[in-house]
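Working notes, beginning with the structure itself.
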Amino acid sequence: MKNRLLASHRATTPRTQTAPTWSVLEEGRTRAPHQSGFTPYDPLAFNLADSSLAELGIDTEGLDCCTMSVAPVYARSLEPLSIRLNVQRREHATDADVLLVWKSLCTHLADIKCPIWVRVNNDRWLQRLLTLESPRELLLEVPVFLASDDVWCSDLPPNSSRGPDLIINGRPSSQVPSRLLQRVSCVLFDRNDERRHLEPVGAAYQAMRTTPFVHERCSSPEEVDASFELGAFGVVGHEWATQSANETSSALADHR
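To convert a position in the sequence shown, counted from 1, into the working numbering, add 427.
Below, the structure written as structure tokens:
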């Protein structure tokens, strides 16, 4: 199966990337975004909005147990930072089917050398995936209600060999255990929460804001810029995105 996206990436001449300006980062951050392995990549390699999963390199013909969709994550420089892959378990799927899904992802995405965030909508599937070996480029999203659960965190298998491998999704209402935070590359916040709470509230939320964070559900280019002013180092392309990463970058640049 032809992988147009990967071919485009390989055909692109490597160039030196310029790190974005993180002028709004609080002094209390534990590490800067560029230390978390997130580097802007060439937009020519990530025309995701108009690419099928087959073009991305994922063979879904034998995966009738789930549906998948993809979205780019953009840096302040308007270049894609990573790929976010959303995996939805179907009603007829079994717990064992997740092994087929993970094998397919690890096989077909192994040559794409950029962070790939995997969001799974089933807790049992997620729990199983956390016990499996995976390429360094694949990071699992963990819902904040699980990340804040001491019992769940205590049962989490150790993964000291590969460094940060998790992304926390959501705004915490209670403290996230430090042993889990050591495995977190970044936190994903819903932009709606920033609309409801103009000022950060709660010690747990304040603690998470010292970790590099990304906003999702920005509804306009203005909200994208506002997210970066709040300190986000990335935004997930959704409602405000156009047909491709290049066109979206151009639209945001025109807005600015």
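By construction, the Cβ of each residue, glycine as well, lies at the ideal position given by its N, Cα and C atoms. Quick caveat: nothing in here was measured; it's all calculated off a predicted structure.
Where A653 is concerned, the enclosing alpha helix (DSSP H) starts and stops at 648 to 656.
In this structure, the alpha-carbon of S601 lies about 6 Å from that of S575.
For E506 and G661, the gap between their C-alpha atoms comes out near 10 Å. By a beta-carbon distance limit of 8 Å, R618 does not contact R598. Their separation comes to about 11 Å.
Contact annotation, L565 with I543: C-beta distance approximately 5 Å; criterion of less than 8 Å satisfied. Per DSSP, the unbroken beta strand (DSSP E) holding A498 starts and ends at 493 to 501. A direct Cα-to-Cα measurement between T558 and F640 gives close to 25 Å. Per DSSP, L505 is not a residue of any beta strand (DSSP E), being assigned neither H nor E. DSSP, reduced to helix, strand and coil, places Q554 within a helical segment of the structure shown. By the 16-neighbour rule on beta-carbons within 10 angstroms, H535 is buried. Classified as buried, A502 has 16 or more neighbouring CB atoms from the shown chains inside 10 Å of its CB. In the structure shown, the three-state DSSP call for N549 is coil. With fewer than 16 other beta carbons inside 10 angstroms of its own, S647 counts as exposed. Within the region 575 to 610, the runs of alpha helix (DSSP H) that reach at least 4 residues and sit entirely inside it are, in chain order, 577 to 581, 605 to 608.
Beta-bridge partners assigned by DSSP to C533: none are found.
Going by C-alpha positions, L532 is about 11 Å away from V525. One thing to note: R511 has its Cβ within 9 Å of the Cβ of V497. Scanning its chain for C-beta atoms nearer than 8 Å, with the 5 sequence neighbours on each side dropped, one finds around R517 the residues D491, C492, C493, T494, in chain order.
As computed with DSSP, F616 is found in a beta bridge with H642. For the set D620, V569, P585, the Cα lying nearest the Cα of V603 is the one of V569.
A direct Cα-Cα distance of roughly 12 Å separates S504 from V651. DSSP places L567 within a strand segment (E or B) once states are collapsed to three. Here A659 is buried: its Cβ has 16 or more other Cβ atoms, across all protein chains shown, within 10 Å.
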